[in-house]
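By numbering that gives the first Met the number 0, the letter at position 161 of the sequence shown is numbered 160, and the numbering carries on one by one without gaps.
C-beta: ideal position from N, C-alpha, C; glycine also.
First the structure, in the form of structure tokens, and then the observations on it.
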Amino acid sequence: MNIGIIGSGGMGSCLASKFVKLGHIVSIANSRGPASLKKLSEDIGAVATTVEEATKNKKVVIVTIPQKNVKDLPKNLFEHLHEDVVVIDTGNYYPSLRDGVIPALDQSGIDSLWVQQQLGIPVVKVFNSILAESIKDMGRPKGEKNRIALAVSGDDTKSKEVVFKLVEELGFDPFDLGNIAQSWKQQPGSSIYCRDINLEELKKRLDAMGTAWSEMRDLIIAQRKADEELMKVDYPAYLKGLPH
Ligand SMILES: NC(=O)c1ccc[n+]([C@@H]2O[C@H](COP(=O)([O-])OP(=O)(O)OC[C@H]3O[C@@H](n4cnc5c(N)ncnc54)[C@H](OP(=O)(O)O)[C@@H]3O)[C@@H](O)[C@H]2O)c1
Numbered sequence: 000m001n002i003g004i005i006g007s008g009g010m011g012s013c014l015a016s017k018f019v020k021l022g023h024i025v026s027i028a029n030s031r032g033p034a035s036l037k038k039l040s041e042d043i044g045a046v047a048t049t050v051e052e053a054t055k056n057k058k059v060v061i062v063t064i065p066q067k068n069v070k071d072l073p074k075n076l077f078e079h080l081h082e083d084v085v086v087i088d089t090g091n092y093y094p095s096l097r098d099g100v101i102p103a104l105d106q107s108g109i110d111s112l113w114v115q116q117q118l119g120i121p122v123v124k125v126f127n128s129i130l131a132e133s134i135k136d137m138g139r140p141k142g143e144k145n146r147i148a149l150a151v152s153g154d155d156t157k158s159k160e161v162v163f164k165l166v167e168e169l170g171f172d173p174f175d176l177g178n179i180a181q182s183w184k185q186q187p188g189s190s191i192y193c194r195d196i197n198l199e200e201l202k203k204r205l206d207a208m209g210t211a212w213s214e215m216r217d218l219i220i221a222q223r224k225a226d227e228e229l230m231k232v233d234y235p236a237y238l239k240g241l242p243h
């Protein structure tokens, strides 16, 4: 499969490396241009490219950049895309830690709803609720008891099916959480966020959250804020403190 990745940081480089190893043809871009990606692309076997080229002739385009930078992507970047192309959003909104307050995002409070409005194209949200290190090291064969399950949300069923296959290939159990309006369940502050839990536990926690964002919003955002404060002072302590 031809995969374009926009963002070459912790998550973008990890996904690129994994997908190359799985036999996919991967192009990777960042904000500084292909020359800055020479070493990384050679090391992992990906093609260093521009942001625009990363969207051309691809089956899947992964946007994996900080939320604050989404507005800096070229306008109409996705305008030419064929309707079969799947656009993945791995992003998380951390207003206090990294992104600054984005008032338009705060209106709904649903990170990927805002991203898809900005990009002007439906997105599938996945890989936001697992650390790159876990993607790198914790993939397991299907059927293994503690195989990690990953939430996937999006409005387009066919796009999600493509994503489920990629998640499987990486060694994780995909779980269809619902449409993008429900994707708050996999945002920072939720009980499934970066917990490395299996499918049974994931379903249990999703059920416990119910379906009403209006009822869960204050709780999840308060938890995200507390996590941001901890991450600012001691990131390893934050990771260690995540209850599994
Ligand atoms: N790392 C993780 O474990 C992890 C886990 C789950 C979710 N996420 C989420 O995934 C996203 C990416 O995280 P990360 O950890 O990979 O971030 P990161 O290490 O800070 O890397 C960010 C990348 O985005 C690129 N970028 C920024 N603005 C851009 C633009 N306008 N055009 C093209 N590329 C641009 C940067 O390129 P330059 O360096 O050239 O500016 C850089 O390659 C974030 O929303 C994060 O919350 C990360």
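Look at the beta carbons and you see the stretch 25 to 37 touching the stretch 0 to 13: at least three pairs across the two are nearer than 8 Å.
Cβ-Cβ distances below 7 Å link Glu227 to Tyr93, Ser95 and Leu96 in the same chain, with the five nearest sequence neighbours on each side left out; the list follows chain order. The count of Cβ pairs closer than 8 Å, one atom from the stretch 179 to 193 and one from the stretch 218 to 227, reaches three, so the stretches are in contact.
DSSP places Ser30 outside both helix and strand once states are collapsed to three, so it counts as coil. Put simply, the stretch 118 to 130 touches the stretch 169 to 183. At least three CB pairs are less than 8 Å apart. Around Ser158, the same chain offers Val85 and Val123 as residues with beta carbons nearer than 6 Å, after the five sequence neighbours per side are excluded.
About 5 Å separates the beta carbon of Asn197 from that of Asn145, a gap short enough to meet the 8 Å contact definition. Contact check for Gly3 against Thr54 passes: the beta carbons are separated by less than 8 Å. Secondary-structure assignment with DSSP links Asp172 through a beta bridge to Ala148. For Asp217, the enclosing alpha helix (DSSP H) begins and ends at Trp212 to Val232.
When C-beta atoms of the stretch 35 to 54 are compared with those of the stretch 66 to 78, three or more pairs fall below 8 Å, so the two segments count as touching. Remark: the C-beta of Asp42 is outside contact range of ligand 1, defined as less than 7 Å to any heavy atom. For Asp88, the enclosing beta strand (DSSP E) starts and ends at Val85 to Asp88.
By the Cβ criterion, the stretch 206 to 222 is not in contact with the stretch 147 to 164, since fewer than three pairs of Cβ atoms, one from each stretch, lie closer than 8 Å. Cβ neighbours of Leu229 within its own chain (closer than 8 Å, five residues either side excluded): Ala236, Tyr237 and Gly240. The beta-carbon separation of Lys184 and Ala207, rounded to 10 Å, does not stay under the 8 Å limit for a contact.
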